[in-house]
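Single-structure report; data block below.
2 protein chains.
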Amino acid sequence: METMRGVLSPVITPFRADLSVDVPVLAAQCRWLLDADVGLAIFGTNSEGNSMSAAERAEVIAGLVSAGIPAARMMPGTGACALDDAVALTRSAVKAGVGGVLVLPPFYYKGVSDDGLFAFFSELIERVGDAALRLYLYHIPPVAQVPLSLALIERLLGRYGPVVAGIKDSGGQWDNTAALIERFAARGFAVFAGSETFLLQTLRAGGAGCISATANVNPAAIADLYRHRHDTDAEQRQQRLDQVRKVFAALPMIAAMKSAMAQATGLPDWTRLRPPLVGLSAEQQATLRSTMAQADFRIQFPRAAA
Amino acid sequence: METMRGVLSPVITPFRADLSVDVPVLAAQCRWLLDADVGLAIFGTNSEGNSMSAAERAEVIAGLVSAGIPAARMMPGTGACALDDAVALTRSAVKAGVGGVLVLPPFYYKGVSDDGLFAFFSELIERVGDAALRLYLYHIPPVAQVPLSLALIERLLGRYGPVVAGIKDSGGQWDNTAALIERFAARGFAVFAGSETFLLQTLRAGGAGCISATANVNPAAIADLYRHRHDTDAEQRQQRLDQVRKVFAALPMIAAMKSAMAQATGLPDWTRLRPPLVGLSAEQQATLRSTMAQADFRIQFPRAAA
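Protein chains in written order, with my numbering: chain E, 1015 to 1320; chain R, 1015 to 1320.
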C-alpha cells in the first residue's frame, strides 16, 4: 500500500432534481480530474460529504467503481459523528480497494479531549480491522471546530504506525502545517495542505501535496505545479494558481465551483447543493462570470465528456 | 396531537462493554423518569444521540416501545447532517407514535443562511409527509454552532403551522428565550428552556417547560417545581434545583451524571461513554462524591428497579 501523494480534489457532487447523487455525472468529473493526474478525495467538505448518509456514500463508491473509476485513486471521506457509521463506511471503502480514507474527528461535541479522540480513532481502526486501511486524518478546525493536536497524532502513530498514513491540514495556519511536516514526515506520514495556496511551500518543506477545493475547476494547472515544483517557473505557477483561487474564494466556494462547472458543462446537476447549502444568487453568478473573465480563467472541461 | 409541555429529560444512554446500547437498562431509566412525570427527550445532546447512527436510534425506539415505554411520551432527537438520515429516522419515529421529534439543524457547515436552513427543515417535513409529525426545533449554538433565528422560525411557522410545534432553547441566553415566547407562544408554539435553571422564569413568561440534562438525576424535584409553579414556595424550589445543577455543571456533565447513576444503581453500563466523550477521572469522581454530599443530594433511584 503506497502512501498517496500529489494533488487531490474533494470532488464536488452533482445532484439530480430530487437531490440524489448523479453517479454518471460524478464519474465523468472524476475521469476529467484523473486525466489531469488529480486524485479523488470524494466526500470531502467541498463534496458536501457530510450531507450524505454513510450508506449513500458507500453506494456512490460502488457506483464509481462500476463505472470504471479506479478505487486506488480514491480517498473518500468516511468520518461520521457516530462510530458505527464511520466503521461501516470505512470498512466498505477499504474492501472496495480505495487508496486511503480521509477521516474527520466526530464533530458534534466541542472541546473534547485527546483521550476521547484517540479512543474514537482507535475504535475505528480496530473495528475496521483491515491491514489495507490507510487512514488520513482531516484537520479542519474552521468547519469541524474540533482540531487534531500534534500530541494526538504522535500517539496514534505510536500505536498504529503506517495505518495512520497522513493528514490533510485545512486549518489555514502555515505554522501548523510546517510543524506537522517537521515532526512526522520523516516517518513516512504524508502531510497535505488544505489548499493549493500552500502547495509549493508544503512541497519544499517536505510535505506530500495538497487536497484542494479549487482542483475541481483548475485541476491541470495545480497538478502541473506539482510536477514542475523543481522548475525555475514554479513560483510563477504558484502565483497564477493563487489568482484563480481568489476568484472562487471571494464567493461561497462550493456554490461558486458548481456554478462554474454548470456553465462549462451545461448540466443543471451542478447548480444544485444539498441543504443547508444553497446555490449562488443571480448577482453572485454575475460577479463570478466577471471575475473569471478578469482573471482570464476558463474551465477546461471538454463539453463532449459531460 | 397535543403539544408537549412540562419537564423532559435528554435521557442518558447506558452502553455495554462493546458500546452497544443496553435497551433494558435504558427502559428502566425511562420508567423511573416517567414515574416522576418527566418526558423522554431520548437522543439529545446529553444522550450522546449524535454518537448513534440513525438506524441504531430507530432500533432503540422500537426496543423501548417493545419494553412498554409509551411512544407518546418520547421526543427523540432525529436531526442529522444528512437529510436522508434525518428523514428516515424522523419518519420511523413518527410511525412509532412519538409525541414529537427534537431536530437539530444540520451542524457540519457553519455560517449557513436562513434560506439553507429553511430548505433543510422544509425538505425534512415534506419528505416525512406525515400529518402526525410534530417538530420541535433544537437551538443549541454552544455545541451545534448553528443558531436558529427568529426570522427562520417565523418562516417555518408561516409555512407549516402546527407541525412546527416548538423549540428547545439551549443557548443559555434568557433574552432569546423571552423573545421566542413573546413572539411565538400565543400561536401555540411551545418554548422549552434548555435547563431547569430557567424553568420558573420560562413558565412565568408563558413558556412550556424545560428539557434539561439534570432531570436525568433529579427528575422528581424538577417536575415538582413544574407542578408547584404557582405556589408560594416556587422560588425556594427553584433555588434548590439550582444548587443541585451546580454540582453536575462543575464537571463534564454527561460523564458526571452517568457516574452518579452508576453509583446509585451499581450498573457498570452507566460508567461508559461513547468516544469522543470519556468518563470521569478518579479525581473527578471524588469531587463529585464530595460536592453531592455537600449539597446533601442523593439520586432517588430505587436500586431494585435497575
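Just so it is clear, CB atoms sit at the ideal spot from N, CA and C, and this is done for glycine as well. Every value quoted in this text rests on a predicted model; they were computed, and no experiment measured them.
As assigned by DSSP and simplified to three states, the class of residue i
| i | result |
| --- | --- |
| residue 1206 of chain E | strand |
| residue 1069 of chain E | helix |
| residue 1124 of chain R | coil |
| residue 1270 of chain E | helix |
| residue 1136 of chain E | helix |
| residue 1095 of chain E | coil |
| residue 1020 of chain E | strand |
| residue 974 of chain R | This structure gives no information on residue 974 of chain R, because the portion of chain R shown stretches from 1015 to 1320. |
| residue 1282 of chain E | helix |
| residue 1295 of chain E | coil |
| residue 1312 of chain R | coil |
| residue 1258 of chain E | helix |
| residue 1232 of chain R | coil |
| residue 1112 of chain E | coil |
| residue 1082 of chain E | coil |
| residue 1241 of chain E | helix |
| residue 1249 of chain R | helix |
| residue 1226 of chain E | coil |
| residue 1287 of chain E | coil |
| residue 1131 of chain R | helix |
| residue 1103 of chain E | helix |
| residue 1265 of chain R | coil |
Check whether residue i and residue j have beta carbons under 8 Å apart
| i | j | result |
| --- | --- | --- |
| residue 1179 of chain R | residue 1220 of chain R | no |
| residue 1267 of chain E | residue 1227 of chain E | yes |
| residue 1064 of chain R | residue 1122 of chain E | yes |
| residue 1236 of chain R | residue 1217 of chain R | no |
| residue 1159 of chain E | residue 1188 of chain E | no |
| residue 1052 of chain E | residue 1229 of chain E | yes |
| residue 1134 of chain R | residue 1097 of chain R | yes |
| residue 1281 of chain R | residue 1028 of chain R | yes |
| residue 1106 of chain E | residue 1153 of chain E | no |
| residue 1141 of chain E | residue 1112 of chain E | no |
| residue 1069 of chain R | residue 1233 of chain R | no |
| residue 1075 of chain R | residue 1110 of chain R | yes |
| residue 1086 of chain E | residue 1041 of chain E | no |
| residue 1205 of chain E | residue 1194 of chain E | yes |
| residue 1302 of chain E | residue 1273 of chain E | yes |
| residue 1025 of chain E | residue 1224 of chain E | no |
| residue 1186 of chain R | residue 1156 of chain R | yes |
| residue 1048 of chain R | residue 1023 of chain R | no |
| residue 1139 of chain E | residue 1151 of chain E | no |
| residue 1099 of chain R | residue 1034 of chain E | no |
| residue 1164 of chain R | residue 1201 of chain R | no |
| residue 1108 of chain E | residue 1072 of chain E | no |
| residue 1062 of chain E | residue 1265 of chain E | no |
| residue 1177 of chain R | residue 1149 of chain R | yes |
| residue 1030 of chain E | residue 1283 of chain E | yes |
| residue 1222 of chain E | residue 1019 of chain E | yes |
Paired residues, beta bridge with residue i - DSSP
| i | result |
| --- | --- |
| residue 1088 of chain E | E/1054 |
| residue 1029 of chain R | R/1035 |
| residue 1117 of chain R | R/1151 |
Chain A contact residues for residue i, given Cβ-Cβ distances below 7 Å
| i | result |
| --- | --- |
| residue 1130 of chain E | No chain A appears in this structure, whose protein chains are E and R. |
Three or more C-beta pairs below 8 Å linking the segment 1130 to 1146 of chain E and the segment 1277 to 1292 of chain R: Touching, yes.
At least 3 beta-carbon pairs within less than 8 Å: the segment 1089 to 1096 of chain E vs the segment 1054 to 1061 of chain E: yes
Every unbroken beta strand (DSSP E) inside the segment 1137 to 1224 of chain E [3 residues or more]: 1149 to 1153, 1178 to 1183, 1204 to 1207
Inter-stretch contact at 8 Å, needing at least 3 Cβ pairs: the segment 1306 to 1314 of chain R / the segment 1246 to 1261 of chain R: yes
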